[in-house]
Structure formats: structure tokens, C-alpha cells
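Comments concern the structure below.
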Ligand code: PBG
């Protein structure tokens, strides 16, 4: 080496020497304003109810939702993503579009108590149907077009109650178009649609199904959610949703789908949301509780990675903790 003076000329370590330099050359930034927090609101409970498979996450009673959302607002979290857990379920998920449904009541309450909080609602029937599928069942199959009417009713009842954005997650064909058409006809032309465009049939939704009581009673969701093996198909889903009027597209889950996030980012110019789902949350929590990984460090690394891959906004159960950490610096 002594004969090679001036080698190496390029030294990557020069800009890694200290935090000031590192921060100057940092390419990706994570901010509380990019985080959206999913919340479960359950009917007929008086106390928060723990979800065993998701440490730190609970089902909220209506009475306490306002206070919790106020806390989130103080942390700088701009939006919540709501899931309703009704007491009554039936074949056609009637409570999903009932004026006094749990989610409709929760929306009204949040908008009354913390009006600045952006309320995004999940539009899907699986928490409301007795069979746990995301649409109407006939002969063991989920009917596409018949389900669209119900999903449109659900979305418009959310908006009537005060929702700021609706997010269809059912994966029926044509749902974005039907929702856009219905909302426009009812004078809700300003309400954006966040489409779960590339939603994969994933094992990572396991804990969510405990949290939301939405496991399918027979079969699985593979006839409507995407095959984890497909990437080109995700781009077709995105294109379709854009052509039907989506304002924001989504990739879900997150960590095993970084390539999809990247490809969607390169493929279109729409804002891109990424859902860091229940199983991804629980894995990190479980490992951290065992002392096997450092929670804060790993969570920040994962979320930064999702931003680096191309996500504009992150839907994550870690939102309150991350906002707190970001405040602490
Ligand atoms: C409803 C829905 C699911 C999730 C979000 N919306 C479950 C599913 O499709 O089975 C999963 C969210 C998570 O795992 O955190 N269809």
C-alpha cells in the first residue's frame, strides 16, 4: 500500500465522520407528518380491550376515542385510520353502512372533538359480515358486482358522518370507480379515495384478524387479494385504480413488498401510501420483548427503509411511539 500514495482517492467515510456530516448527506427523512395511525373502535365495551397478539394496541370504546385522538394530535400525527368492530354481524354486513353504526359514531365524535385530525376509514365488509369475507357470498363465492353497491353505501355513510378520506380495501374489481361515481353524485366531489391498490393475500394480517374479529369463516381471500408472487400485476392494479379515479394508491403489506413499493413509485406519480401491517408490528414487538432486538432502532430502520423504497406516507401501529422518538430527537 505504501507505493500507492493518495489511494483510495474516493473515501466514502469522509462524509460519515460525525452526525453533522451524516445529517447533511442524509437522503431520506422520516417525519411525524407522514404517519397515519390505525385504530380499532368496538361497540359495547367500556374499557380499552387489549389485543393479545398486538402488544400496546387495543380496541377502543367510543367514550374514550376522543381523548386518545387528542393525544395523537399532540404528538403531531396528522391522521387516523379507522376500523369498526360491530356487535351484530350478518350476511350482508348491514352495520357497515348503518347511520348509527360504530364507525359512523366514532367518525362524528372525532370530528367533533378533534376537528383537525384527518379521519380515513377502511371500506371493507369483512368486520361486518357473519362469514368474514369482504363482499356478498353466493354458493361459497364472493360476488363482485353485488358487493360494489354495499361498498359504495358504506363509503358514502362514512363521508356523511364526516370522514375525510375513504380507503377501499376489499379488492373487488371496479370498486374505486363505483365509489368515485357515488360520492360525486352525492356532492362529495372533494373527498379523496385512498385505494388499497396492491393488497396481497398475506399471512401478515394474522393479528389484525384477532384485533378486528374479521377472519373468514371458510376459505381464504385468495380469490380477491393478490398473489404474493406477482409484481407486474400490482402495476396493473395501480393503473386500474388510477383510471377509476384514485387519489392515493397503496401497497400492503410493507416489508416483504419493498420491490413493489419501489416499482409503483417509479411507475406513477400519485402519492403512495404503504401499510406496515399487524403481523409486521407484532414480529418486532415480540422480538423486542424477548430482548432479541432493539425496538426503537429496528422500527426507525424499517420505516426509513419504506420511505427510501418510495412511500410518501406510512400507515403504522408504531405511529405514536415514532412521533415521540422523533420529538426526543
Ligand atoms: C380489511 C383489512 C385487513 C387489513 C386492513 N383492512 C385484513 C384483511 O384483508 O384480511 C389488515 C391490516 C393489518 O394486518 O394490520 N379487509
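Residue numbers (this note's numbering): 67 to 395. The C-beta atom is built at its ideal place from N, Cα and C for all residues, glycine as well. Given the structure is predicted, the values throughout are model-derived calculations rather than measurements.
If the five residues before and after residue 235 are omitted, its C-beta is found closer than 7 Å to the C-beta atoms of 188, 189, 190, 262 and 265, all from its own chain and listed in chain order. By the neighbour-count definition (other C-beta atoms within 10 Å, threshold 16), residue 246 is a buried residue. With a threshold of 6 Å, the Cβ atom of residue 274 counts as near the ligand PBG, since some heavy atom of the ligand is closer than that.
DSSP places residue 307 inside the alpha helix (DSSP H), whose first and last residues are 298-309. With a cutoff of 6 Å, residue 343 counts as near the ligand PBG, since its C-beta is closer than that to a heavy atom of the ligand.
Under the 8 Å Cβ criterion, the segment 321-331 does not count as touching the segment 357-366, having fewer than three qualifying pairs. Take residue 214, set aside five residues on each side of it, and the residues of its chain with a beta-carbon closer than 8 Å to its own are 238, 240, 241 and 244, in chain order.
By the criterion of a C-beta distance shorter than 6 Å, residue 123 is surrounded in its chain by 117 and 383, once the five residues flanking it on both sides are discounted. A Cβ-Cβ separation of about 6 Å places residue 308 in contact with residue 336 under the 8 Å criterion. Here residue 149 is bridged, per DSSP, to 106. CA-to-CA, the gap between residue 186 and residue 95 works out to about 24 Å.
Note on residue 140: under 16 other CB atoms within 10 angstroms of its CB, so exposed under the neighbour-count rule. In this structure, the ligand PBG has no non-hydrogen atom nearer than 6 Å to the beta-carbon of residue 348. Within the DSSP bridge table, the entry for residue 292 names 266 as partners.
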